[in-house]
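Those letters in the sequence shown? Residues 0 to 238, per numbering that gives the first Met the number 0, in order. Here a beta-carbon is modelled for each residue, glycine too, at the ideal position from N, C-alpha and C. A short worksheet on the structure shown next.
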Amino acid sequence: MRELVIAESWYWFILIAVICYLIGCFNFAVLISHFKNKDIRDVGSGNPGTMNMTRTFGLKIGAVNFFCDLIKGGLPALAGYLIFKDCVFAGTQVHVSDFVRYYCGVCVIIGHIFPVTLKFKGGKGIASTMGLFVFSLTCEQWWYFFIAAAILVCVLIYIAATEWGSMGSLLGVSVLTIWQAVIFVTKYSQNLLNGWIIAIFGLLLLINLLTWIAHHKNIYKLLAGEEHKTTVIKHKNNY
0 MRELVIAESW
10 YWFILIAVIC
20 YLIGCFNFAV
30 LISHFKNKDI
40 RDVGSGNPGT
50 MNMTRTFGLK
60 IGAVNFFCDL
70 IKGGLPALAG
80 YLIFKDCVFA
90 GTQVHVSDFV
100 RYYCGVCVII
110 GHIFPVTLKF
120 KGGKGIASTM
130 GLFVFSLTCE
140 QWWYFFIAAA
150 ILVCVLIYIA
160 ATEWGSMGSL
170 LGVSVLTIWQ
180 AVIFVTKYSQ
190 NLLNGWIIAI
200 FGLLLLINLL
210 TWIAHHKNIY
220 KLLAGEEHKT
230 TVIKHKNNY
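Here it is in structure tokens:
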């Protein structure tokens with residue numbers, strides 16, 4: 000394992016943050032809706048994300064948008080893992096790739112939710128966050144992909160049964176986060192107070208805070224019984 004000295008490589012983390020933020024700023028919902036001769040920001044809830052795309056254009060278009068955002072959240076994390084997988088932070092046994100993949104993910108999610116290209120009014124980051132976890136967990140063991148896919152299917156079933164799209168998505172993100180956290184606790188059980196380990200858990204917490212805060216209006220509406228229904232079985236042209 001090669002040791003990475005932050006004092007000598009700090010500029011790479013700035014470059015990673017800028018690149019991943021700009022990747023996050025690319026909004027597939029806006030692009031796809033333009034191909035449908037509409038602007039998703041002017042339709043339905045006005046949110047340029049998967050849920051509004053599904054409600055507006057139907058399940059197929061929503062699925063395409065979800066897949067694109069999933070890849071957007073996952074590929075940067077995978078790239079970070081592959082680049083730094085043979086590195087540890089100097090003086091520690093902490094793998095740089097464990098930190099970098101979620102560092103990449105946070106920057107992408109921030110770009111998705113607060114894109115400079117859309118006047119800082121973007122989507123809510125669920126699909127990109129799920130993509131981040133699916134790709135990152137698969138880095139631990141390749142067969143984890145099937146467990147992650149099963150969780151996504153459970154989320155879809157929950158949404159189909161309750162039509163509470165936002166809550167189902169948030170619960171899915173939370174389950175994936177807890178799973179990854181348990182893996183890291185087991186992996187670094189002898190060194191949990193290391194600064195880099197704490198930073199990794201801080202990134203996992205930040206990812207959840209970003210997605211839950213982005214959905215705060217949905218949660219208020221859900222509690223008040225005013226949340227838009229999200230049907231995944233049959234498209235209803237509500238708008």
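Sheet register partners of residue i (DSSP bridge)
i	result
valine 87	Glu2, His94
For residue j and residue i, believed in contact at Cβ under 8 Å, the rounded distance
i	j	result
leucine 131	alanine 76	5 Å
methionine 0	cysteine 86	7 Å
methionine 50	isoleucine 31	At roughly 14 Å, the Cβ-Cβ gap does not stay under 8 Å, so methionine 50 and isoleucine 31 are not in contact.
isoleucine 125	valine 172	7 Å
glycine 110	cysteine 19	7 Å
alanine 148	leucine 136	The Cβ separation is near 10 Å, so there is no contact.
threonine 176	isoleucine 206	7 Å
asparagine 26	glycine 122	7 Å
phenylalanine 83	valine 99	5 Å
glycine 23	serine 127	7 Å
tyrosine 101	leucine 203	6 Å
alanine 6	asparagine 64	Alanine 6 to asparagine 64, Cβ: 42 Å. No contact.
leucine 222	tryptophan 163	Not a contact, Cβ separation roughly 11 Å.
leucine 209	isoleucine 112	6 Å
leucine 69	methionine 129	6 Å
cysteine 138	alanine 16	About 20 Å; that fails the 8 Å criterion.
glycine 104	glycine 72	6 Å
Run of the alpha helix (DSSP H) containing residue i, from where it starts to where it stops
i	result
tryptophan 178	164-186
glycine 130	125-139
asparagine 51	49-56
Simplified DSSP state of residue i, which is helix, strand or coil
i	result
serine 44	coil
phenylalanine 119	coil
proline 114	coil
phenylalanine 25	coil
leucine 192	coil
asparagine 217	helix
tryptophan 239	Since the first and last residues shown for the chain are 0 and 238, residue 239 lies out of range.
lysine 71	helix
asparagine 64	helix
glycine 79	helix
asparagine 36	coil
glycine 224	coil
asparagine 237	Since pLDDT at asparagine 237 reaches only 42, below the 50 mark, its modelled position is unreliable, and no value is offered.
tyrosine 101	helix
alanine 148	helix
Contact test: residue i Cβ vs the ligand ATP heavy atom, cutoff 8 Å
i	result
alanine 213	In terms of ligand content, the structure shown is empty, and the ligand ATP therefore cannot be addressed.
Three or more beta-carbon pairs under 8 Å between the stretch 196-204 and the stretch 147-158, yes or no?
-> no
Would you check if the stretch 86-95 and the stretch 169-185 touch, i.e. whether three or more CB-CB distances between them fall below 8 Å?
-> no
Indicate whether the contact test is met: 3 or more Cβ pairs, each with one atom in the stretch 57-72 and one in the stretch 136-145, closer than 8 Å.
-> Judged by Cβ distances under 8 Å, the stretch 57-72 makes no contact with the stretch 136-145, as fewer than three pairs qualify.
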